[in-house]
Amino acid sequence: MDGIFIGQRKYAQEMLEKFNMDQCNSMHNPAVPGLKLTKDAEGTEVAGTIYMKMVGSLMYLTTTRSDLMFIVSLISHLYIFSY
Numbered sequence: 001m002d003g004i005f006i007g008q009r010k011y012a013q014e015m016l017e018k019f020n021m022d023q024c025n026s027m028h029n030p031a032v033p034g035l036k037l038t039k040d041a042e043g044t045e046v047a048g049t050i051y052m053k054m055v056g057s058l059m060y061l062t063t064t065r066s067d068l069m070f071i072v073s074l075i076s077h078l079y080i081f082s083y
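Residue 31 in our numbering sits at position 31 of the sequence shown, with consecutive numbering throughout.
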């Protein structure tokens, strides 16, 4: 193949490992039409600073993965408006 290609596979893998999510199940498209995000009452609470670091890491990833932009925007608002 000719040309320059930019990818973030290594960064994405490192991010998953950093936040202990490398064993989570993946989804092809987590943002199905009409999806309403809510707080998981049975989930583990995450410190706000860690959550924002996760969101920030995902925002950086969207520079080469525009398909992630919508869901990253949704999850960033979920934290902001939960207080």
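Glycine included, C-beta positions come from ideal geometry on N, C-alpha and C. As the structure is a computational prediction, the values presented were derived from the model and not from experiment.
Where residue i falls: helix, strand or coil (DSSP)
i	result
A12	helix
V72	helix
A50	The sequence given here has Ile at residue 50, not Ala. Helix.
H28	coil
K39	coil
M21	coil
D2	coil
G34	coil
G7	coil
Through-space distance from residue j to residue i, alpha-carbon basis
i	j	result
M54	P33	24 Å
L37	M27	16 Å
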